[in-house]
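Protein chains in written order, with my numbering: chain A, 1 to 249; chain B, 250 to 506. Each residue gets a CB set at the ideal place from its N, CA and C atoms; glycine is no exception. Report on one structure; see the data block that follows.
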Amino acid sequence: MSKLEVRQIHLSFGNIHVLNGISFTVHDGEFVSLLGPSGSGKSTLFSIIGGIRRPDRGSIWLNGKNITGKTGLISYTPQTPSLMPWRTIIDNVLLGQEIQGYRDEKAALAMIDRAGLKGYENSYPHELSGGMKQRVAFIRSLLSPQSIICLDEPFSALDELTRMDMQNWLLSIWSEHQKSVLFVTHNIEEALFLSDRILVLSEKPARITAEFHVPFPRPRKEMLYLTDEFIHIKREIYHVLRGQLVKHS
Amino acid sequence: MRENIIKVWKSVLVFLIIFLIWEVSVRVFEIPEWFLPGPVQIFREAVLSFPVYADHIVPTVILSLIGLAIGTFIGVMTAIFLHRIPKLKEIVYPLLIVSQNIPTIVLAPLLVIWFGFGMLPKLIVITLVCFFPITISLLNGFLQTDQELKHYMLMAGASSRQIFWKLEWPSALPSLFSGLKIAATYSVLGAVISEWLGAKRGIGVFMTLSSSAFQTDRVFISIFIIVFVSLLLFFVIQLLEHLVIHWQHIEDGKPNE
């Protein structure tokens with residue numbers, strides 16, 4: 001069963017053509033990364049998928065229903081953790097549910113525990129480190145009722161070591177929940193390590209120039225980074241990205 | 250904490266020195282009492298005439314508090330309405346700014362003509378001077394809402410009511426409190442000035458009576474009471490702010506535990 005379908009999305013801001021016929025599908029339980037240079041309109045694409053911006057042309061489909069321009073149907077984790085400073089961790093985590101009109105505190109507590117944040121339920125966001133805050137934001141998405149999660153460069157603000165920890169953590173917790181994930185990043189290694197499939201975006205006007213199926217079995221370990229196969233695919237993707245950059249400049 | 254104590258002590262010391270210079274000058278230059286009484290004389294009078302002015306304090310405090318409460322309510326309501334209806338804000342906001350360049354206090358004599366010498370004209374004056382700083386600071390507070398959070402709320406399918414109560418209102422609370430602090434001082438000022446125009450009791454009345462009888466020490470007493478009441482109100486609001494916005498002062502790097 002196909003979950004999220006993005007069909008022929010076009011968008012321009014005035015004379016600037018931002019999205020040029022983007023089409024792809026995220027299947028049930030699949031982890032798909034959108035890889036592209038900064039400023040390639042990835043975040044704009046997210047706001048279209050999230051329904052807060054309408055495309056000039058094209059449509060978004062979820063489980064066979066047209067959801068173009070409808071909000072609240074995907075779960076979203078922004079670039080910065082975006083936690084509310086006046087809410088405790090548990091209340092922040094429950095925000096996504098609250099917006100949909102219910103609160104499942106038991107599930108939230110279990111998830112906080114699972115994320116290694118036990119004891120922080122009643123703390124405020126400023127008491128947590130950057131990585132911890134990002135984990136809270138991700139739990140908030142997981143607990144939200146929507147079955148597809150969109151992550152917008154969630155680890156870009158973290159240092160390298162924390163980033164690796166977070167990637168491992170994300171994979172382990174994702175494998176338990178099997179929600180579909182659409183992950184935006186500009187980091188090739190991150191995309192390779194996490195995804196089932198990688199879609200490479202071009203610079204503006206953005207379109208999908210290549211698609212890579214990531215062959216590595218799960219569960220994946222950090223050692224994967226050092227294997228020849230990993231480096232081989234990384235080089236291939238690098239050339240695709242690089243090639244399109246050279247073409248444009 | 251230690252630093253705060255040192256700061257307070259420095260201020261107290263400055264005041265003590267000023268009072269000392271004042272007292273010495275009054276004695277050395279033999280300044281007549283009706284012109285400028287010394288601090289010692291004022292203090293003595295404050296103790297002796299306490300039964301005279303004690304009755305005047307409570308009405309002013311009550312007047313200020315009621316006026317502040319009404320002004321705050323109207324100020325908050327105005328801000329919410331203008332924020333929720335942007336078209337209305339476009340029209341009303343400039344008028345609001347212009348209206349505040351008129352010192353509202355000058356309306357007081359007019360209000361006395363229309364509404365007599367009772368509570369009503371006084372409360373109207375205080376409300377008028379109080380609501381403006383509250384409306385403006387709350388509106389600015391709404392504008393300072395974190396855009397990333399708003400983006401998140403929209404994506405998550407939040408209604409505009411949910412965005413308002415879960416996001417914009419808490420975001421604006423710190424601004425509301427800065428407005429409240431200004432309004433509190435204004436409310437005491439408004440109360441005293443409206444009492445000058447006509448009242449049976451109140452610090453304003455005690456002040457005009459003393460001034461027309463050249464009891465300058467009592468005028469000073471009134472001033473000190475007004476200052477004291479204003480400061481007290483200010484600190485009460487600051488305390489409330491501390492309790493309500495418990496997340497912020499910790500964020501500033503001053504843990505309160």
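| Check | Outcome |
| --- | --- |
| Return the CA-CA distance between Lys204 (chain A) and Ser436 (chain B), expressed in angstroms with no decimal places. | 58 Å |
| Strictly below 7 Å CB to CB, what residues from chain A border Leu398 (chain B)? | Ser82, Met84 |
| Once you ignore the five residues that flank Glu490 (chain B) on each side, which residues in its own chain have a CB closer than 7 Å to its CB? | Phe426 |
| When you compare only the Cα positions, how much space is there between Gln464 (chain B) and His495 (chain B)? | 47 Å |
| In the structure shown, what three-state DSSP assignment does Asp395 (chain B) receive? | coil |
| Against chain A, with Cβ distances strictly below 8 Å, would Pro419 (chain B) count as a contact? | yes |
| Just checking: is the beta-carbon of Pro37 (chain A) within a distance shorter than 8 Å of some beta-carbon in chain B? | no |
| What residues in its chain sit with their C-beta under 6 Å from that of Ser313 (chain B), if we drop five residues either side in the sequence? | Ser436, Val437, Ala440 |
| Determine the closest residue to Leu387 (chain B) out of B:Pro423, B:Gln396, B:Val263, B:Ser408, with distance taken between C-alpha atoms. | B:Pro423 |
| So which of A:Ser175, A:Ser23, A:Thr185, A:Tyr238 has the shortest CA-CA distance to Pro219 (chain A)? | A:Ser175 |
| Assign Pro125 (chain A) to buried or exposed, taking buried as 16 or more other Cβ atoms, counted over all protein chains shown, within 10 Å of its Cβ. | buried |
| Can you check whether the C-beta of Met404 (chain B) is within less than 8 Å of a C-beta belonging to chain A? | yes |
| Which whole-angstrom value is the C-beta distance of Ser195 (chain A) and Val32 (chain A), which I expect to be below 8 Å? | 6 Å |
| Contact defined as beta carbons within less than 8 Å: I believe Leu360 (chain B) pairs with Val374 (chain B). What is the distance between those atoms, to the nearest angstrom? | 6 Å |
| Only counting the same chain, and skipping five residues up and downstream in sequence, which positions put a Cβ closer than 8 Å to that of Thr209 (chain A)? | Val200, Leu201, Ser202, Val240, Gln244 |
| How do the segment 402-418 of chain B and the segment 335-353 of chain B stand: do at least 3 beta-carbon pairs fall below 8 Å, yes or no? | no |
| Please classify Phe278 (chain B) as buried or exposed, where buried requires at least 16 neighbouring CB atoms within 10 angstroms. | exposed |
| For chain A, is any of its Cβ atoms less than 8 Å away from the one on Gln393 (chain B)? | no |
| Quick one: list the residues of chain B neighbouring Gly243 (chain A), beta-carbon separation under 8 Å, in chain order. | Going along chain B, no residue has its Cβ under 8 Å from Gly243 (chain A), so there is no contact; the nearest lies around 33 Å. |
| By the criterion of Cβ-Cβ separation under 9 Å, what are the contact partners of Gln411 (chain B) in chain A? | Glu98, Ile99 |
| In chain order, what residues of the segment 342-358 of chain B put their CB closer than 9 Å to some CB of chain A? | none |
| With distances taken between CB atoms, is the gap from Arg197 (chain A) to Val184 (chain A) smaller than 8 Å? | no |
| Counting only beta-carbon separations shorter than 8 Å, does Pro78 (chain A) have a partner in chain B? | yes |
| What residues match up with Asp152 (chain A) in a beta bridge as DSSP calls it? | A:Val184 |
| Can you give me the C-alpha to C-alpha distance between Ser147 (chain A) and Val378 (chain B), rounded to a whole angstrom? | 53 Å |
| Could you give the DSSP three-state label for Pro504 (chain B): helix, strand or coil? | With a pLDDT of 41 at Pro504 (chain B), under the threshold of 50, the modelled position of this residue cannot be trusted; read the value that follows with caution. Coil at Pro504 (chain B), not helix or strand. |
| With a CB to CB cut of under 6 Å and the five nearest residues on each side skipped, what residues in its chain are close to Ile354 (chain B)? | Ile442 |
| Where do the N-terminal and C-terminal ends of the beta strand (DSSP E) with Ser57 (chain A) fall, by residue? | Per the sequence shown, residue 57 (chain A) should be read as Arg rather than Ser. Counting along the chain, the beta strand (DSSP E) containing Arg57 (chain A) begins and ends at 57-62. |
| Taking only the alpha-carbon atoms, compute the straight-line gap between Gly312 (chain A) and Ser123 (chain A) and give it to the nearest angstrom. | As shown, chain A starts at 1 and ends at 249. That puts residue 312 (chain A) outside it, with no answer to give. |
| If contact means a Cβ-Cβ distance below 9 Å, which residues of the segment 60-74 of chain A contact chain B? | Lys70, Thr71, Gly72, Leu73, Ile74 |
| Any contact between the segment 147-156 of chain A and the segment 35-55 of chain A? By contact I mean 3 or more CB pairs, one from each, below 8 Å. | yes |
| In chain A, which residues lie with their C-beta within 9 Å of the C-beta of Ala433 (chain B)? | What Ala433 (chain B) touches in chain A: nothing, since even the nearest Cβ is about 23 Å away. |
| Where do the N-terminal and C-terminal ends of the beta strand (DSSP E) with Ser75 (chain A) fall, by residue? | 75-77 |
| How big is the Cα-Cα spacing for Gln8 (chain A) and Glu236 (chain A)? | 26 Å |
| According to DSSP, simplified to helix, strand and coil, what is Gln487 (chain B)? | helix |
| Should the segment 361-369 of chain B be called in touch with the segment 446-462 of chain B, which here means at least 3 C-beta pairs below 8 Å? | yes |
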